[in-house]
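Colleague: Mind looking over this structure? Questions follow.
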Amino acid sequence: MLNRIKYEFISLLRNKIVVFWLMGFPVILGTLFFVAFGNLADSEQDYADIPIAVIKKTEPPEGFEEMLTALSESASEEKALFNIVTEEENKAKELMEKGELQGIIYVDGDISLTVPKGAGIKSGIVKSVLDSFKSRYEIISAAAASNPDKVPQIIKEMEKETSYIRSESNSANYDPYVQYFYNLLAMSGLFGSMMGMYCAINHQANLSALGARVEVSPVSKFGDILSSLIATLLIHNVFLNIASVYLAYVLGIKFGVPFWVIVTVNFLSSVLGNSFGCFIGSVGGMKDGIKNAILLTCSLGLCFLSGLMFGGMRLFIEESFPLFNRINPAALIVDCFYSLCVYGSYEKLFSNIVVLLIWCALMLTGSMIMTRKRKYKSI
Amino acid sequence: MKGSDFIMETVVKVERLVKRYKELIALDHLELDIKKGEIFGLLGPNGSGKTTAINCILSLLTYDKGEISVFGKKLCAEVKKDIGVVMQNVAVLDELNVRENIDYFCGLYISDKALRKKRVDEAIAFAGLEGFEKFRPKKLSGGLLRRLNIACGVAHKPKLIIMDEPTVAVDPQSRNRILEGIEELNRQGATIIYTSHYMEEVEQICSRIAIIDKGRNIAEGTKQELKKLIKNTETISVEAAGLSDEQLETSKNMPHAYDCKYDGKTLTLLYSGGKHNLTRLLDYMHNEEIPIGRVYSLLPTLNDVFLEITGKELRD
């Protein structure tokens, strides 16, 4: 197996197309992003005083006003997170249209949020704060109804978590354009599908002459595809991490997350990309070019929906069809970085990782089922 | 010495093999019995079922009926270790050089590094690829690429080598080199199954031949045995212009001649058996003072055998 891994590795390393798309392209696109967004980012770096409006049509839930007050009052050295510009609905809508508000919070029995078109990271922060409040309120309400004695303990745990998030968030990068670089890494990960595709094609007799040669040999098919996948994962991770190092240390992009998180998420996205490619590659009756087109379309399409070409897309999806963001692999990869960077939430990171792992398992299982055959009806 | 001189046990046995692609019958109760040490030729036109038969033997294709055994067993990993396959299409890794490619494919059969190195060196020498070890496939000529393809398939020194049209699109020089190589492998003890639609190749190297048409084995034997299956034993052509009807009639009635064609310039007589047919015809023409040009005496080829056996009547 080592011999096969060695030669698959060498073969991929010498493949100029693979090297370009998996390392050269992210580096070039990253450089272009850096040049394009460098100045824009500087002008939007300040994430304090996010302008919002609060429209109260009913009595807000207990603790809500205290929370808003705490977040809109500046401490001695720090600016406040929110700046409540108005509480009048018409004025709020007017300001929103002018682009002077990042969100309107409606208290109308429930708490809801309206964000402007093309909402960015600032609106995302407002949404996150509201989501966090709502979930905690529900937990405490439920506990108060069922087990009132436990409420003080729950509140204490929540306070601990809050202080942890604050300390972790100190290194956060609120540059709205950093999410383009997250998307770039997601895209590079999913581009691994192009290599994964050939793992399947080159080991199936009904798909290639090379596959026929391998299948008539005494090696186990599972072991053979596995050795090929290991080689592609190795090379892909090397390329991904070189690109990440270039972005982080040469261009100086502040990802706002520890580098080990980047390496871990890169690995997962690489496994996902390769296994996705392997899955599509193992489908019979389609030419390589069509499979490549499918993979490229899927990879770019998913990245588009996670904000590679238009930063507000992910938030737009979050508002209109949030479930899609929970299953879109590109959005999950982006959210791994985003949630940790902006909210300092490892919980979200790990839940995203779990979903990514489920995707990987599904794709790998599907690939193995599709490629398990050793005899074909036609070749 | 050809394999037929030391025929021993059966290496590949195919019995009543039927393979259908929907309505099309690709193999129709195919029977093959390939003995150890043979170069066994599977001869047939494109689409006759040669490659399908090979793929069934290699257990790549499912089949509807029949039995196949290799070395007396059903094909399994243990049996596969002793089989080398040279596919019709070149199957090498473009990014690896000649030595790396051979080592990669040899590594599918041999894990011992030292033994593998020895085998790779031998395969390079056998295929005449010395000096090209560092070349990548794209830098090789068509003939060298085919030789690399063969080297990748046989480097592990298999006991049974299956070659599916290994000389397609190869120049004559490389083709001869490949055919010599196949004979050398056979001399070293390998049993070889060789498929081709080039009759002269099969005639040149194969000790026994099966003619396949429409998925059926329509004739099998040595080339001499196959040639005995047809009526024609000799074809004589003489350039002789202006033969009279009487002379033509006399020529047609020569002993053992069974067919006669004349286009005004060349007389062609087909014989079935008999000796001294050419001498007899030339004596007659000399006595008749008929001026003659070039003279040809052709023995039947496998092409004649094939054409006669797979004639229209037979297909109908």
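Sequences listed follow chains Y and U, in order.
All residue numbers for the first sequence refer to the numbering used here, where the first residue is 12 and numbers rise by one.
All residue numbers for the second sequence refer to the numbering used here, where the first residue is 400 and numbers rise by one.
Yeah, the Cβ is synthetic: ideal placement off N, Cα and C, and Gly gets one too.
Owing to the predicted nature of the structure, the values given are computational and were not obtained by experimental measurement.
Would you say Lys449 (chain U) and Thr590 (chain U) are within 8 Å of each other, going by their C-beta atoms?
Modeller: no
Colleague: Applying the 10 Å Cβ sphere with the 16-neighbour rule, what's the burial state of Pro340 (chain Y)?
Modeller: buried
Colleague: Pick out whichever of Y:Gly135, Y:Ala155, Y:Phe93 has its Cα sitting closest to the Cα of Ile61 (chain Y).
Modeller: Y:Phe93
Colleague: What separation, rounded to the nearest whole angstrom, lies between the Cα atoms of Tyr354 (chain Y) and Leu544 (chain U)?
Modeller: 59 Å
Colleague: Check whether chain Y comes within 8 Å of Lys480 (chain U), counting only Cβ atoms and requiring the distance to be less than that.
Modeller: Output row for Lys480 (chain U): interface = yes.
Colleague: Starting from Cys314 (chain Y), trace the alpha helix (DSSP H) in both directions and tell me its first and last residue.
Modeller: 299-316
Colleague: Which residue spans inside the stretch 85-168 of chain Y form an unbroken alpha helix (DSSP H) run of at least 4?
Modeller: The alpha helix (DSSP H) runs of length 4 or more contained entirely in the stretch 85-168 of chain Y are, from start to end of the chain, 100-109, 132-157.
Colleague: Between which two residues does the alpha helix (DSSP H) harbouring Arg607 (chain U) extend?
Modeller: Not the alpha helix (DSSP H): Arg607 (chain U) falls in the beta strand (DSSP E), residues 607-612.
Colleague: I need the DSSP call for Pro7 (chain Y), collapsed to helix, strand or coil.
Modeller: There is no way to answer for residue 7 (chain Y), as the model of chain Y reaches only from 12 to 390.
Colleague: Who are the neighbours of Tyr357 (chain Y) on chain U, taking C-beta pairs under 9 Å?
Modeller: Going along chain U, no residue has its Cβ under 9 Å from Tyr357 (chain Y), so there is no contact; the nearest lies around 41 Å.
Colleague: Tell me which residue opens and which closes the beta strand (DSSP E) that Ile617 (chain U) is part of.
Modeller: 615-620
Colleague: Using DSSP's beta-bridge definition, name the partner residues of Gly483 (chain U).
Modeller: U:Ile560
Colleague: Using the DSSP secondary-structure output, state which residues sit across from Pro62 (chain Y) in a beta bridge.
Modeller: Y:Asn94
Colleague: Label Thr451 (chain U) either buried or exposed according to how many other C-beta atoms from any shown protein chain fall within 10 Å of its C-beta, with 16 as the threshold for buried.
Modeller: buried
Colleague: Whole angstroms is fine: what's the gap from Gly207 (chain Y)'s alpha carbon to Ile273 (chain Y)'s?
Modeller: 21 Å
Colleague: Going by DSSP in three states, Ser636 (chain U) sits in which element: helix, strand or coil?
Modeller: strand
Colleague: At which residues does the alpha helix (DSSP H) containing Glu430 (chain U) begin and terminate?
Modeller: Where Glu430 (chain U) is concerned, there is no enclosing alpha helix (DSSP H), although the beta strand (DSSP E) it sits in stretches over 423-434.
Colleague: In the DSSP output, what is Lys472 (chain U) paired with across the bridge?
Modeller: Answer is U:Val469, bridged to Lys472 (chain U).
Colleague: Flag this pair as yes or no: are the beta carbons of Ile438 (chain U) and Ile549 (chain U) separated by less than 8 Å?
Modeller: Against a cut-off of 8 Å, the Cβ pair of Ile549 (chain U) and Ile438 (chain U) comes out as no contact.
Colleague: Evaluate Lys232 (chain Y) with the Cβ neighbour count: other Cβ atoms within 10 Å of its Cβ, from every protein chain shown; 16 or more gives buried, anything less gives exposed.
Modeller: buried
Colleague: Within 10 angstroms of its Cβ, does Tyr191 (chain Y) collect 16 or more other Cβ (buried), or is it exposed?
Modeller: buried
Colleague: Which residues in chain Y sit within 9 Å of Leu504 (chain U), going by Cβ to Cβ distance?
Modeller: The sequence given here has Phe at residue 504 (chain U), not Leu. The answer, in chain order, is Arg224, Val225, Ser228.
Colleague: Which same chain residues, not among the five before or five after Phe202 (chain Y), have their C-beta less than 7 Å away from its C-beta?
Modeller: Trp32, Leu33, Gly284, Ser310
Colleague: Does the separation of the CB atoms of Gly552 (chain U) and Gly483 (chain U) fall below 8 Å?
Modeller: yes
Colleague: For the alpha helix (DSSP H) that Val567 (chain U) lies in, which residues bound it at each end?
Modeller: From DSSP, Val567 (chain U) is part of no alpha helix (DSSP H); its letter is neither H nor E.
Colleague: So which residues on chain U does Lys386 (chain Y) lean against when the C-beta distance must stay under 7 Å?
Modeller: Ser458, Leu459, Leu460, Thr461
Colleague: Does Leu240 (chain Y) pass the burial test, meaning 16 or more other C-beta atoms within 10 Å, or should it be called exposed?
Modeller: buried
Colleague: Which bits of chain Y does Leu495 (chain U) rub up against, with CB to CB less than 9 Å?
Modeller: Identification of chain Y residues near Leu495 (chain U) by a Cβ-Cβ cut-off of 9 Å yields Tyr18, Ile21, Ser22, Arg25, ordered along the chain.
Colleague: Closer than 7 Å between beta carbons: that is the criterion. Which residues of the stretch 195-225 of chain Y meet it against chain U?
Modeller: Ala216, Ala220, Leu221, Ala223, Arg224, Val225
Colleague: Go to Ala529 (chain U), then tell me how far its beta strand (DSSP E) extends in each direction, as first and last residue.
Modeller: Checking the sequence shown, residue 529 (chain U) turns out to be Glu, not Ala. Here Glu529 (chain U) belongs to no beta strand (DSSP E), and DSSP marks it neither H nor E.
Colleague: What residue does the beta strand (DSSP E) around Ser362 (chain Y) start on, and which one ends it?
Modeller: Where Ser362 (chain Y) is concerned, there is no enclosing beta strand (DSSP E), although the alpha helix (DSSP H) it sits in stretches over 357-382.
Colleague: How long is the line joining the alpha carbons of Glu633 (chain U) and Gly296 (chain Y), rounded to whole angstroms?
Modeller: 50 Å
Colleague: Cα separation between Gly120 (chain Y) and Ser146 (chain Y)?
Modeller: 16 Å
Colleague: Asp658 (chain U) and Leu669 (chain U) look like a contact to me (Cβ under 8 Å); what is the Cβ gap, rounded to whole Å?
Modeller: 4 Å
Colleague: Tell me the rounded alpha-carbon separation between Val491 (chain U) and Asn652 (chain U).
Modeller: 59 Å
Colleague: CB-CB under 8 Å to Met374 (chain Y), same chain, minus the five flanking residues each way: which ones, in chain order?
Modeller: Leu283, Ser286, Phe287, Cys289, Phe290
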